[in-house]
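Notes to accompany the following structure.
There are 2 protein chains.
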Amino acid sequence: MSQSKQLHLNLNFLNAGTFASAWRWPTSQATDYADVQYYVRVAQLAEKGTFDSVFLADFPALSDRPEYRPFQSLEPTITLATIAAATRHIGLIATASSTYNEPYNIARRFASLDHASGGRAGLNIVTTADKQAGRNFGIAQPPAHHVRYERAAEFADVVKALWDSWEDDALVGDKEAARFIDTRKVHPIRHQGTHFSVEGALNVPRPPQGRPIVVQAGGSEDGMDFAARHADAVFSVAHSLPDALDYARDLRGRLVAQGRSPHDILIFPGLVTVIGSTEEEARRREEQLWELVPIEYGLQRLAGILQVDPKSLKLDEPLPDNLKLPADGMQTFFKGALTLAERGRLTVRQLIRAQGGGTGHRIIVGTPEQIAADIEEWFRSGAVAGFNVMPDVISSGLEAFVDHVVPLLRQRGIFRQDYSGTTLRDHFNLARPARLAAPPASIVPKLRSAAGA
Amino acid sequence: MSQSKQLHLNLNFLNAGTFASAWRWPTSQATDYADVQYYVRVAQLAEKGTFDSVFLADFPALSDRPEYRPFQSLEPTITLATIAAATRHIGLIATASSTYNEPYNIARRFASLDHASGGRAGLNIVTTADKQAGRNFGIAQPPAHHVRYERAAEFADVVKALWDSWEDDALVGDKEAARFIDTRKVHPIRHQGTHFSVEGALNVPRPPQGRPIVVQAGGSEDGMDFAARHADAVFSVAHSLPDALDYARDLRGRLVAQGRSPHDILIFPGLVTVIGSTEEEARRREEQLWELVPIEYGLQRLAGILQVDPKSLKLDEPLPDNLKLPADGMQTFFKGALTLAERGRLTVRQLIRAQGGGTGHRIIVGTPEQIAADIEEWFRSGAVAGFNVMPDVISSGLEAFVDHVVPLLRQRGIFRQDYSGTTLRDHFNLARPARLAAPPASIVPKLRSAAGA
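Chains as they are written, first to last, in my numbering: chain A, 343 to 795; chain B, 343 to 795.
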């Protein structure tokens, strides 16, 4: 049984590609990472492959390893607005931090992107664990994990209420009667909460999608509860199909506990793809990409995930025994790394590699046929709506996916031949939500009223 | 003597147009205010007229009179990114509030827009006096005028230091040597100030313009000091040429006091244009536009500027005597209204009208010849670099300006036949600024160092 009739594919567009060495590949240009025209060309290629969406991860600070590789640089909604002008169908998802933004600004920016793109915007809300980001916003020590998630939940409440603050027919536009907006149909949200106090209403009409798609990424308890309450889609981590099935069961249970249907959410595990016309060619490509990753980079990144001193990790020995789940770090990647290491009895060097070039996501190396078969197996298991596709190298790996994997998925009858709708909600097969005049008190206890004058 | 060899023109793009009745004009569409394609078409028309730039004013709250007229709705950098993709030369200026944003986010967004547009971005920093905005950001009572400007000055210090945080050649991009960024050329700013603490560096390379153009608007003492220290251009208010000359003398004196050349700033007074093929036709057009403005709207707007109860204003009587300059309001428009009223001994009704349909800016009504002659006179006086052109109705008034006034300005030899450069700095004839490794302590006392590791 499949979660929905058609597979869904999102491009996780990490500058030059997922491998830290992607920028060193012959087809890549070092300048691409800050060149908006590069992002436009890649999004057009993904649209040619009828992907549901492109996703730009984000982080409001300079990566701490810019000497080794490109990083997310341009502010992603600027990039997505530029892509919107040069594409017609593909969805446009960006990360924004609930810790380092005000909800009014983010609600407005994504509502505007939704209008500018004709209903193709998605907002991935993250809580931004990293200390570096805090120091750009006057915060020496980021709030604790549960406080960040408490703020994120209230942030999402406020953002959604602002998107709902206009009735769909509030614009009258009657030139004769000199009536522009019917202000009885525009409602201040009058939110008074723990983290925010927001009067409203938004100064942007209700978005074409009603609400832009809300995405969550992160497998902590708090993160999954947030997803169950707020998300239309999740970007997850799963290194095996049993793990993916467990995750789906867990997440869907939480949806039911929130009064939602268990299938009201699309699950997209990350999938790093290394494609060759033969399996041997694919393996050779992986080998070459791997040789181009400075081992110090992989070591530093793993140490960052585990929150240990890089010196405590010996490349050709197993992980140290005494690792503790960090209270305030990226818990998903921590758990994923530990599971991989224990299952395979891996050395640090093997673990860095098994993590998909340091990405923390599952890596698949093979022919288009092998990859299409794997995708179909996972899809038909019901564990996933599709994949967050992470090409090894964007400049050649996405082309291989679009030209050789996508046709096979279509032949197998699980992926669209063409877009059947125009909005991201259409692609995700999610209905346009009705406006909540007053969010139920049980769900939003601190939202006094969204139905005031 | 002219301030510079060529006149400069900026389009002050207020949705349907400057007149509150612009949206009711036969050529206007009510839905345009939130339709990004409308903004694209208008910017393309301004580019056809070789305008230096388009400017989107902004305000992070819903206008309090949406029943009467359109307002600035879509987040302006989303709109400008969309325009950038559909134009090649025209500069792209937007307002951002220093009171309701973090400098890291704004520095990044405008640096990204500068990259996306090939060096055409401009940032108009405003302090946002209005109470409504504060209530969307948890602030019941906005900070006092001088505190807002103190924060704005520090905000501009931080934003500029972040734009300067990368040396121009920090990208190495050496695939062979596996060196991406030379991190010795990327410098945390380590700012510790009164309002902000920002570690840096920015995660965006130095913008194509070095720094996007910084604009200031507002004629208070604090505002002019801010402009003298930080601005490349000002959007000013001048109802007469002597006023404009006084303002220019005052502002240039402040530049000298800051150690800048008196001509290092471009002055753009607002100019509301009502164009007819004969003077009579122009007057009739003004009459018709005026008849379409609900008088309650004009009265409420004037009362807002004067910070009095609308009921205290009698339409056919002069202004009350006891008006006091608001400590925390929009001082420029207050002073402008009072000067106009006193000079012309105007009734409230006449004042609303003399203010240019409620805009507070000078209004000129006439033929293309009359308008071109007026523009040339002001330009040759040396008081102004050009004008912040405010068409009465965008949908027909801008076309008239581009088709009929611009050719006359070219014939008079004061306006470009075509763009000679590609960046907004090129159009403004301003050099790309050298990066300040460490801002002088006298100018930025609280910026510890921009040259750290």
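Note that CB positions come from ideal geometry on N, CA and C, so glycine has one too.
Sequence-distant residues of the same chain with beta carbon closer than 8 Å to residue i, five excluded per side
| i | result |
| --- | --- |
| A/R790 | In this prediction, A/R790 has a pLDDT of 33, which is less than 50 and means its spatial position is unreliable; what the coordinates show is noted afterwards. So the list reads R532, H533, Q534, once near-sequence residues are dropped. |
| A/D394 | H350, L351, N352, I432, G433, G728, L766, H769, F770 |
| A/A376 | S415, L416 |
| A/P660 | A683, R687, L688, T689, V690 |
| B/E711 | L750 |
8 Å contact criterion, which residue i and residue j should meet: CB distance rounded
| i | j | result |
| --- | --- | --- |
| A/F568 | A/A494 | 6 Å |
| B/R462 | B/L504 | That pair is no contact at about 19 Å. |
| A/G618 | A/M732 | The Cβ separation is near 17 Å, so there is no contact. |
| B/L644 | B/A679 | 7 Å |
| B/N478 | B/P402 | 6 Å |
| B/P485 | B/T441 | 7 Å |
| A/R774 | A/G552 | 4 Å |
| B/P668 | B/F675 | Contact doesn't hold; Cβ gap of about 10 Å is too wide. |
| B/V556 | B/A570 | B/V556 to B/A570, Cβ: 12 Å. No contact. |
| A/V378 | B/A458 | 4 Å |
| B/P530 | B/A543 | 5 Å |
| A/V744 | A/L387 | 6 Å |
Neighbourhood of residue i by C-beta distance below 7 Å, restricted to the same chain and skipping five residues each side
| i | result |
| --- | --- |
| A/V501 | P445, I448, A449 |
| B/A385 | V396, I425, T429, I432 |
| B/M343 | With a pLDDT of 38 at B/M343, under the threshold of 50, the predicted position of this residue should be treated as unreliable, and no value is reported. |
| A/A580 | A586, Y589, P611, R704 |
| A/S654 | P662 |
| B/G763 | H769 |
| B/V514 | R521, F522, I523, D524 |
| B/T421 | V378, Y381, L398 |
Beta-carbon neighbours of residue i, restricted to chain A and to distances below 7 Å
| i | result |
| --- | --- |
| B/R366 | K517, A520 |
| B/S454 | L416, E417, I420 |
| B/A403 | N545 |
| B/F729 | Within 7 Å Cβ-Cβ: nothing; B/F729 doesn't reach chain A, min ~28 Å. |
| B/L554 | It is worth fixing the name first, because residue 554 of chain B is Pro in this sequence and not Leu. Those within 7 Å of B/P554 in chain A number zero; the least Cβ separation is about 12 Å. |
| B/R451 | E417, I420 |
| B/F479 | E444, Y446 |
Rounded C-alpha distance that separates residue i from residue j
| i | j | result |
| --- | --- | --- |
| B/I736 | B/S363 | 11 Å |
| B/D588 | B/D564 | 17 Å |
| B/S723 | B/R490 | 34 Å |
| B/T360 | B/R407 | 15 Å |
| A/E684 | A/L583 | 17 Å |
| B/R521 | A/Y639 | 12 Å |
| B/R691 | B/K656 | 8 Å |
| B/D663 | B/G755 | 47 Å |
| A/G595 | A/P604 | 7 Å |
| A/R758 | A/T709 | 21 Å |
| A/T373 | A/T525 | 49 Å |
| A/V707 | A/E629 | 11 Å |
| B/K473 | B/L404 | 11 Å |
| B/D400 | A/D592 | 45 Å |
| A/Q753 | B/E389 | 48 Å |
| B/K527 | B/E492 | 30 Å |
| A/I694 | A/D734 | 15 Å |
Under 8 Å by beta carbon: chain A residues contacting residue i
| i | result |
| --- | --- |
| B/H529 | Going along chain A, no residue has its Cβ under 8 Å from B/H529, so there is no contact; the nearest lies around 10 Å. |
| B/F413 | N545 |
Under 9 Å from the C-beta of residue i: neighbouring residues of chain A
| i | result |
| --- | --- |
| B/Y442 | E444, Y446, N447 |
| B/H457 | A376, D377, V378, S415, L416, I420 |
Close beta carbons around residue i, own chain, < 6 Å, minus the five adjacent residues each side
| i | result |
| --- | --- |
| A/V748 | G391 |
| B/A714 | V747, L750, L751 |
| A/S562 | Q673 |
Within chain B, the residues that residue i reaches when beta carbons sit closer than 8 Å
| i | result |
| --- | --- |
| A/I523 | P408, E409 |
| A/T424 | A423, T424, A426, A427, A458 |
| A/P338 | No statement about residue 338 of chain A is possible, as the shown extent of chain A runs from 343 to 795 and does not include it. |
Per-residue contacts from residue i into chain B (C-beta, under 9 Å)
| i | result |
| --- | --- |
| A/A372 | L513, V514, G515, D516, K517, F522 |
Quick one: which residues of the stretch 536 to 549 of chain B get their C-beta closer than 8 Å to a C-beta of chain C? List them in chain order.
In the structure shown, chain C does not exist; the protein chains are A and B.
Do the stretch 505 to 513 of chain A and the stretch 544 to 553 of chain A touch if we need at least three Cβ pairs shorter than 8 Å?
yes
Count the CB pairs spanning the stretch 643 to 656 of chain B and the stretch 417 to 433 of chain B that are closer than 8 Å, and state whether there are at least three.
no
Mind the definition here: the stretch 365 to 379 of chain B touches the stretch 737 to 745 of chain B only if three or more C-beta pairs lie below 8 Å; say whether that holds.
yes
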